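J.:
Chains as they are written, first to last, in the numbering used here: chain A, -7 to 146; chain B, -7 to 146.
1) Which parts of the region 21 to 50 of chain B are runs of the beta strand (DSSP E), unbroken and 3 residues or longer, counting only runs that do not cross its ends?
2) Output needed for residue 8 of chain A: all residues of its chain with C-beta closer than 8 angstroms, excluding positions within five of it in sequence on either side, in chain order.
3) For residue 139 of chain A, count neighbouring C-beta atoms within 10 Å of its own C-beta (all shown protein chains included) and say buried if the count is 16 or more, exposed if not.
4) Taking any Cβ of chain A, which residues in the region 26 to 45 of chain B have a Cβ under 7 angstroms from it, in chain order?
5) Kindly provide the ranges of any alpha helix (DSSP H) runs that are 4 or more residues long and lie completely inside the region 75 to 121 of chain A, ordered along the chain.
6) Quick check on residue 73 of chain B: does DSSP put it in helix, strand or coil?
7) Which residue or residues does DSSP assign as beta-bridge partners of residue 67 of chain B?
8) Using a C-beta to C-beta distance shorter than 9 angstroms, which residues of chain B count as neighbours of residue -4 of chain A?
9) So residue 158 of chain A and residue 129 of chain B are in contact, right, with Cβ under 8 angstroms, and what is the actual spacing, rounded?
10) May I have the straight-line CA-CA distance separating residue 131 of chain B from residue 131 of chain A, to the nearest angstrom?
11) For residue 145 of chain A, tell me which candidate among B/119, B/124, B/-4 and B/12 has the shortest Cα-Cα distance.
12) Using a cut-off of 7 angstroms between C-beta atoms, extract the partners of residue 15 of chain B located in chain A.
13) Can you find a CB in chain B that lies within less than 9 angstroms of the CB of residue 21 of chain A?
14) If the cut is a Cβ gap below 9 angstroms, which residues of chain B does residue 121 of chain A touch?
15) Report buried or exposed for residue 28 of chain A, applying the criterion of at least 16 other Cβ atoms within 10 angstroms of its Cβ.
16) What do you get for residue 41 of chain A, buried or exposed, if any count of 16 or more other CB atoms within 10 angstroms of its CB means buried?
17) Who are the Cβ neighbours of residue 53 of chain B in its own chain at under 6 angstroms, not counting the five residues just before and after it?
18) Can you find a C-beta in chain B that's less than 9 angstroms from the C-beta of residue 54 of chain A?
19) Within the continuous alpha helix (DSSP H) that includes residue 5 of chain B, where are the two ends?
20) Quick one: list the residues of chain B neighbouring residue 129 of chain A, beta-carbon separation under 8 angstroms, in chain order.
21) Within 9 angstroms of any Cβ in chain B, is that where the Cβ of residue 79 of chain A sits?
22) Among residues of its own chain, excluding the 5 on either side of residue 137 of chain B, which ones have a beta-carbon nearer than 7 angstroms to its beta-carbon?
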């Protein structure tokens, strides 16, 4: 049932290549309507977060005027990377439909294996080093949050 | 040496709470200059990807006009979630400086444990289901990419 939406995502992935981006496209579908679409724009838009899925999610949220895409589905020409999987998670979508998988992507130079390992690794084992400073002062905003009576959780 | 930048990130995290977002702030630092900053804007901007780190990365890249932040450091009031860690990874920054950690965040209702588990899980074990369709057709953009002589890898 998602084939027609996948064909649109694939068309966007081809358009991505033709417009100087990477070979990735995605659409967000809700109630059988496409409410957002995107293609890889990392290089042409000088934005490392502009993966197809994130562009599509941002477009869908802008159209609906809300950050919550519960009940929507993302249809992506490729299995999402950890960044995009995180974005899909935060958007509360309920299903990921994909075409190419991470093995296909690795075969053309988009290898997510290192980043999957990085996210799963304990902080001490990370390739990207982390350093903690001012932990006590940083809690101040958390205390503000806890004390705020009208906060909107997300 | 990152204390002054962390104090700015903490100030942004407090401003996040005061302006209807979450208690998170971040700055991108390169050659001792702040080149981008951000606070959590998920709710006020209706954008689930608008975590402080992503807002700061996008601002820094917009200022520099490039997607590559090699040599820069992200200073975040809290340990990044997997989505943001992915964005930091793709931006090629070399160090993460953080204040609160994931345990502090979980204690005020921002629990990243489930999303860490999700990214690390095999596809069949994911809570967010995935379905594969049109794998053969989806390869078309990958073939275009491979055949493109002037492609810019990222």
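No residue lacks a Cβ here, since even glycine has one placed at the ideal position from N, Cα and C.
Because the structure is a prediction, the values reported are computed rather than measured.
T.: Walking through what the data contain:
1) Correct list: 25 to 31.
2) Cβ neighbours of residue 8 of chain A beyond the five flanking positions: 14, 15, 16, 17, 31, 32, 33 and 44.
3) Exposed, because fewer than 16 other Cβ atoms sit within 10 Å of the Cβ of residue 139 of chain A.
4) Per Cβ criterion, the list reads 34, 35, 38, 39, 40 and 41.
5) Listed in chain order, they are 94 to 99 and 105 to 112.
6) Of the three classes helix, strand and coil, the one that applies to residue 73 of chain B here is coil, per DSSP.
7) According to the DSSP secondary-structure assignment, residue 67 of chain B is paired through a beta bridge with B/19 and B/89.
8) The CB of residue -4 of chain A never comes closer than 9 angstroms to any CB in chain B; the least such distance is about 10 angstroms.
9) The structure shown does not extend to residue 158 of chain A, since chain A spans only -7 to 146, so no value can be given for it.
10) In this model, residue 131 of chain B and residue 131 of chain A are separated by some 48 angstroms (Cα to Cα).
11) It is B/12 whose Cα lies nearest to the Cα of residue 145 of chain A.
12) Think of a sphere of 7 angstroms around the beta carbon of residue 15 of chain B: the chain A residues whose beta carbon falls inside it are 133, 134, 136 and 137, in chain order.
13) No, residue 21 of chain A lies away from the interface with chain B (no Cβ there is under 9 angstroms from its Cβ).
14) Here the neighbours are 86, 87 and 88.
15) With 16 or more Cβ atoms within 10 Å of its Cβ, residue 28 of chain A is classed as buried.
16) Counting other Cβ atoms within 10 Å of its Cβ, residue 41 of chain A reaches 16 or more and is therefore classed as buried.
17) 59, listed in sequence order.
18) It does; some Cβ of chain B falls within 9 angstroms.
19) Note, residue 5 of chain B: alpha helix (DSSP H), -5 to 10.
20) Those within 8 angstroms of residue 129 of chain A in chain B are -2, -1, 2 and 91.
21) Output row for residue 79 of chain A: interface = yes.
22) Excluding five sequence positions before and after residue 137 of chain B, the CB atoms of its chain that fall closer than 7 angstroms to its own CB belong to 143, given in chain order.
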